[in-house]
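Protein chains in written order, with my numbering: chain A, 1 to 95; chain B, 1001 to 1202. Down below is the structure, laid out as structure tokens.
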């Protein structure tokens, strides 16, 4: 039987965000937006969903009087990502 | 791929191959995020090199007694370097694990220099100070080179381990020359090569 692909990660933009955060310790919202080429509105919505799932941590603070949002992957997020990649491998092996 | 993300972000259906491709492309984007600034190697490299050279000339050719005053440029350098890194931190938008490890490594080395300066002041250790300084350059450049996979820094670091051992056999004046050579091969040359690599990547 195939493992079900985690629906939270099986969405292009959310998967892109999590893959980016796997490689860095933390990244600003603007950095993620630039790398994924997403619109600010859409990215906000997806980041919120990842946060609600407990996959990422979002910190809001002020830097030089500008609001700054920083995202960081959580241990739960790393686990979910690993499980997702494993499930993908299973699909690809058979397919 | 990027445009695709934007268009399809609301869609749930995409193939495992596409998923894997997306993960691969995102991870490769963060690889470029490890930008090691050649500024620090070049700034400290040339500053220390100049201090060694000037002190040697003052000491050996002019017999000037207060030749060690040149090292007052170190705290000034610390302020310039600190201001630069504070400004860089403000514009930096991501932090990789390697960058974090590098920053702690160099903070530890900076603190070690403070301790060594103290030891030199309260004891006779200054006579062989460069043996320990060169050892510090060796650790810093070897580990940095390995972490960012940049061979010139690794080679510079290894050569400095050898120079540190060799330097103990020399008097202070000659240690200054060995110090200048050490900083040339571990900071200045790799620093310039790093800058060239960065500019060609751009």
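We treat Cβ as the ideally placed atom computed from N, Cα and C, and that holds for glycine.
Integer-rounded CB distance, given that residue j should sit under 8 Å from residue i
i: residue 72 of chain A; j: residue 34 of chain A; result: Residue 72 of chain A to residue 34 of chain A, Cβ: 17 Å. No contact.
i: residue 18 of chain A; j: residue 9 of chain A; result: 6 Å
i: residue 1137 of chain B; j: residue 1038 of chain B; result: Their Cβ separation, rounded to whole angstroms, is 16 Å, which puts residue 1137 of chain B and residue 1038 of chain B out of contact at 8 Å.
i: residue 1016 of chain B; j: residue 20 of chain A; result: Actually they do not touch by this definition, with Cβ atoms about 19 Å apart.
i: residue 1150 of chain B; j: residue 1194 of chain B; result: 6 Å
i: residue 1187 of chain B; j: residue 1082 of chain B; result: With 8 Å as the limit, residue 1187 of chain B and residue 1082 of chain B do not qualify as a contact, their Cβ atoms being about 18 Å apart.
i: residue 1163 of chain B; j: residue 1178 of chain B; result: 6 Å
For residue j and residue i, the rounded distance between their alpha carbons
i: residue 87 of chain A; j: residue 49 of chain A; result: 21 Å
i: residue 1121 of chain B; j: residue 1078 of chain B; result: 19 Å
i: residue 1060 of chain B; j: residue 1118 of chain B; result: 25 Å
i: residue 1006 of chain B; j: residue 1072 of chain B; result: Unreliable placement is indicated for residue 1006 of chain B, whose pLDDT of 46 sits below 50; the coordinate value is still reported in the next sentence. Straight-line Cα distance between these residues: approximately 55 Å.
i: residue 1180 of chain B; j: residue 1165 of chain B; result: 15 Å
i: residue 15 of chain A; j: residue 1019 of chain B; result: 8 Å
i: residue 1052 of chain B; j: residue 1103 of chain B; result: 26 Å
i: residue 36 of chain A; j: residue 1076 of chain B; result: 42 Å
i: residue 1201 of chain B; j: residue 1182 of chain B; result: 28 Å
i: residue 1049 of chain B; j: residue 1184 of chain B; result: 7 Å
i: residue 1008 of chain B; j: residue 44 of chain A; result: Below a pLDDT of 50, predicted positions are generally treated as unreliable, and residue 1008 of chain B, at 45, falls in that range; no measurement from the model is reported.
i: residue 1001 of chain B; j: residue 1161 of chain B; result: At residue 1001 of chain B, the pLDDT of 46 sits below 50, so the modelled position is not reliable; the number obtained from the coordinates is stated separately. If I take the Cα positions, the gap works out to 47 Å.
i: residue 1057 of chain B; j: residue 1069 of chain B; result: 13 Å
i: residue 1169 of chain B; j: residue 1175 of chain B; result: 9 Å
i: residue 1191 of chain B; j: residue 1105 of chain B; result: 17 Å
i: residue 1173 of chain B; j: residue 1067 of chain B; result: 11 Å
i: residue 1101 of chain B; j: residue 42 of chain A; result: 33 Å
i: residue 1108 of chain B; j: residue 1143 of chain B; result: 13 Å
i: residue 77 of chain A; j: residue 12 of chain A; result: 16 Å
i: residue 1140 of chain B; j: residue 1023 of chain B; result: 33 Å
i: residue 1090 of chain B; j: residue 1065 of chain B; result: 43 Å
i: residue 1133 of chain B; j: residue 1113 of chain B; result: 7 Å
i: residue 1088 of chain B; j: residue 1094 of chain B; result: 12 Å
i: residue 1004 of chain B; j: residue 29 of chain A; result: In this predicted model, residue 1004 of chain B has a pLDDT of only 46, less than 50, meaning its place in the structure is not dependable enough to derive any value.
i: residue 1148 of chain B; j: residue 1031 of chain B; result: 10 Å
Helix, strand or coil at residue i [DSSP, three-state]
i: residue 6 of chain A; result: coil
i: residue 25 of chain A; result: coil
i: residue 1124 of chain B; result: coil
i: residue 38 of chain A; result: coil
i: residue 1008 of chain B; result: Interpretation of residue 1008 of chain B is limited by its pLDDT of 45, a score under 50 that renders its predicted location unreliable; the figure taken from the coordinates is listed afterwards. Reduced to three states, the DSSP call for residue 1008 of chain B is helix.
i: residue 1002 of chain B; result: Reliability of the predicted coordinates at residue 1002 of chain B is poor, the pLDDT of 47 falling under 50, and no value is obtained from them.
i: residue 1065 of chain B; result: coil
i: residue 1115 of chain B; result: helix
i: residue 1171 of chain B; result: coil
i: residue 1185 of chain B; result: helix
i: residue 1161 of chain B; result: helix
i: residue 1195 of chain B; result: helix
i: residue 1015 of chain B; result: coil
i: residue 1148 of chain B; result: coil
i: residue 1036 of chain B; result: coil
i: residue 11 of chain A; result: coil
One or two residues paired with residue i in a DSSP bridge
i: residue 66 of chain A; result: A:63
i: residue 73 of chain A; result: A:56
i: residue 1085 of chain B; result: DSSP output for residue 1085 of chain B lists no bridge partner at all.
i: residue 1095 of chain B; result: A:26
Closer than 7 Å at the beta carbon, the chain B residues around residue i
i: residue 91 of chain A; result: 1016
i: residue 25 of chain A; result: 1095, 1096, 1097, 1100
i: residue 88 of chain A; result: 1016, 1019, 1020
Under 9 Å from the C-beta of residue i: neighbouring residues of chain B
i: residue 58 of chain A; result: Under the 9 Å cutoff, chain B gives no residues; its nearest Cβ is about 15 Å from residue 58 of chain A.
i: residue 48 of chain A; result: Ordered by position in chain B, no residue passes the 9 Å Cβ test against residue 48 of chain A, which lies about 13 Å from the chain.
i: residue 30 of chain A; result: 1093
i: residue 76 of chain A; result: What residue 76 of chain A touches in chain B: nothing, since even the nearest Cβ is about 18 Å away.
Contacts of residue i in chain A (Cβ-Cβ under 7 Å)
i: residue 1087 of chain B; result: Chain A residues near residue 1087 of chain B: none, gap ~11 Å exceeds 7 Å.
Partner residues on chain A for residue i, Cβ-Cβ distance less than 8 Å
i: residue 1090 of chain B; result: 63, 64
i: residue 1083 of chain B; result: Those within 8 Å of residue 1083 of chain B in chain A number zero; the least Cβ separation is about 15 Å.
Chain-ordered neighbours of residue i on chain B, where CB pairs are closer than 8 Å
i: residue 3 of chain A; result: Chain B residues near residue 3 of chain A: none, gap ~11 Å exceeds 8 Å.
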